[in-house]
Amino acid sequence: MLTSAVLEDLRYRLPPAPPAGSGLAWLRSRVPRFCDGPEHTRRRAGVERLLESLTVIPSSSVDPTVVLLGALGLPAEISDDVDLVAAAYQPHTPQSADADAALERLVAACGGRGDATAARMCLLVQAHAAVRALVAQRRSGATGPPVPVTRRIAPDGTVVEVDLADAPFGRGPHACPGRALAEAWAAVLR
Ligand code: HEM
């Protein structure tokens with residue numbers, strides 16, 4: 157396992173997500189999480205603009221994904237589809253036709269395939285998985301980062317794991333843009 161310093165070493169890349177027309181592969185091909193360089197800068201700016209435009213009020217009694225859906229003007233009923241898509245978001249996790257079908261329903265709910273929809277889905281899926289992990293960690297009494305490990309492709313092409321123990325929100329260009337919101341959530345979930 158490598159230390160979080162590699163997250164600032166631009167020779168370590170994100171897993172490639174080639175262009176795709178549908179399913180999880182489409183989402184990965186359009187979000188900042190799975191690209192580098194100028195395209196990452198462009199996609200990330202879109203996600204940050206969207207996040208800044210939202211009013212999200214963390215609550216201990218309402219599911220965080222339902223709160224975020226409300227802030228995005230989307231119905232709470234689609235939170236199960238966010239859950240299915242989040243479970244298959246990372247390319248190393250199990251992929252399924254069910255997750256791809258959930259993704260297509262979310263695309264429709266978010267207004268059709270395009271940059272704006274990819275940004276909305278990126279926020280929903282990233283926040284869902286990470287805040288779930290935070291809640292599970294609180295319940296179990298475990299310490300350490302809620303998301304303990306991330307991955308990069310090393311210069312020799314191998315996949316390496318990166319320890320987030322000293323960087324729970326990451327480091328470098330891909331560091332979590334939702335950190336302030338995540339910390340506000342952590343405070344109300346205490
Ligand atoms: C406890 C809660 C959270 C934790 C521990 C967490 C952790 C992280 C980490 C470690 C990364 C970097 C991954 C890497 O470089 O490989 C990341 C990226 C990201 N997070 Fe979070 N996160 C949390 C909550 C949120 C929330 C609430 C949002 C949005 C509302 C969010 C949106 C994102 C996005 C969009 C990225 C991708 C950024 C990029 O690739 O440029 N996260 N998060």
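Position one of the sequence shown corresponds to residue 157 (the numbering used here), numbered consecutively onward.
Ideal Cβ positions, reconstructed from N, Cα and C, are used throughout, including at glycine.
Please classify residue 234 as buried or exposed, where buried requires at least 16 neighbouring CB atoms within 10 angstroms.
Here residue 234 refers to the residue found at position 78 of the sequence shown. Classification of residue 234: buried, given that the 10 Å Cβ count is 16 or more.
Does the segment 320-339 come close enough to the segment 205-220 to have 3 or more Cβ pairs within less than 8 Å?
yes
What is the rounded straight-line gap between the Cα of residue 160 and the Cα of residue 326?
Working through the sequence shown from its first residue, we reach residue 160 at position 4. Working through the sequence shown from its first residue, we reach residue 326 at position 170. Each residue's alpha carbon lies about 7 Å from the other.
Cutting at 8 Å between CB atoms, please list the residues of its own chain near residue 320, excluding the five before and the five after it.
As a position in the sequence shown, residue 320 is number 164, starting the count at 1. So the list reads 160, 301, 303, 304, 305, 306, 326, once near-sequence residues are dropped.
Based on the DSSP secondary-structure assignment, which residues constitute the bridge partners of residue 356?
With the chain covering 157 to 346 only, the question about residue 356 has no answer from this structure.
What is the rounded straight-line gap between the Cα of residue 346 and the Cα of residue 294?
What you label residue 346 is simply residue 190 of the sequence shown in a count that begins at 1. What you label residue 294 is simply residue 138 of the sequence shown in a count that begins at 1. Spanning the two alpha carbons is a distance of roughly 8 Å.
Contact set for residue 244: own chain, Cβ-Cβ below 7 Å, skip 5 residues either direction:
Stepping through the sequence shown from its first residue, residue 244 is reached at position 88. The residues are 180, 250, 251, 252, 255.
DSSP-derived helix/strand/coil call for residue 203:
Residue 203 sits at position 47 when you count from the first residue of the sequence shown. If DSSP states are grouped into helix, strand and coil, residue 203 belongs with the helices.
Own chain, CB closer than 6 Å to residue 196, minus 5 neighbours either side, in chain order
Working through the sequence shown from its first residue, we reach residue 196 at position 40. Hits under 6 Å: 188.
Answer with buried or exposed for residue 274, where buried requires no fewer than 16 other C-beta atoms within 10 angstroms of its C-beta.
In the sequence shown, counting from the first residue as 1, residue 274 sits at position 118. With 16 or more other Cβ atoms within 10 Å, it is buried.
Measuring from the CB of residue 249, is there a heavy atom of ligand 1 at a distance below 7 Å?
As a first step, residue 249 must be located in the sequence shown, where it is residue number 93. No.
Cβ-Cβ separation, residue 261 to residue 237 (assumed contact under 8 Å), whole Å
Here residue 237 refers to the residue found at position 81 of the sequence shown. Here residue 261 refers to the residue found at position 105 of the sequence shown. That belief holds up - the Cβ atoms of residue 237 and residue 261 are roughly 5 Å apart, short of 8 Å.
List in chain order: all unbroken alpha helix (DSSP H) runs of 4+ residues lying wholly within the segment 186-259.
193-209, 220-227, 235-243
Return yes when at least one heavy atom of ligand 1 lies under 7 Å from the C-beta of residue 278, else no.
If you number the sequence shown from 1, residue 278 lands on position 122. Answer for residue 278: yes, Cβ within range of ligand 1.
Relative to the C-alpha of residue 258, which candidate in 247, 242, 246, 267 has its C-alpha closest?
Against the sequence shown, residue 258 aligns to sequence position 102. It is 242.
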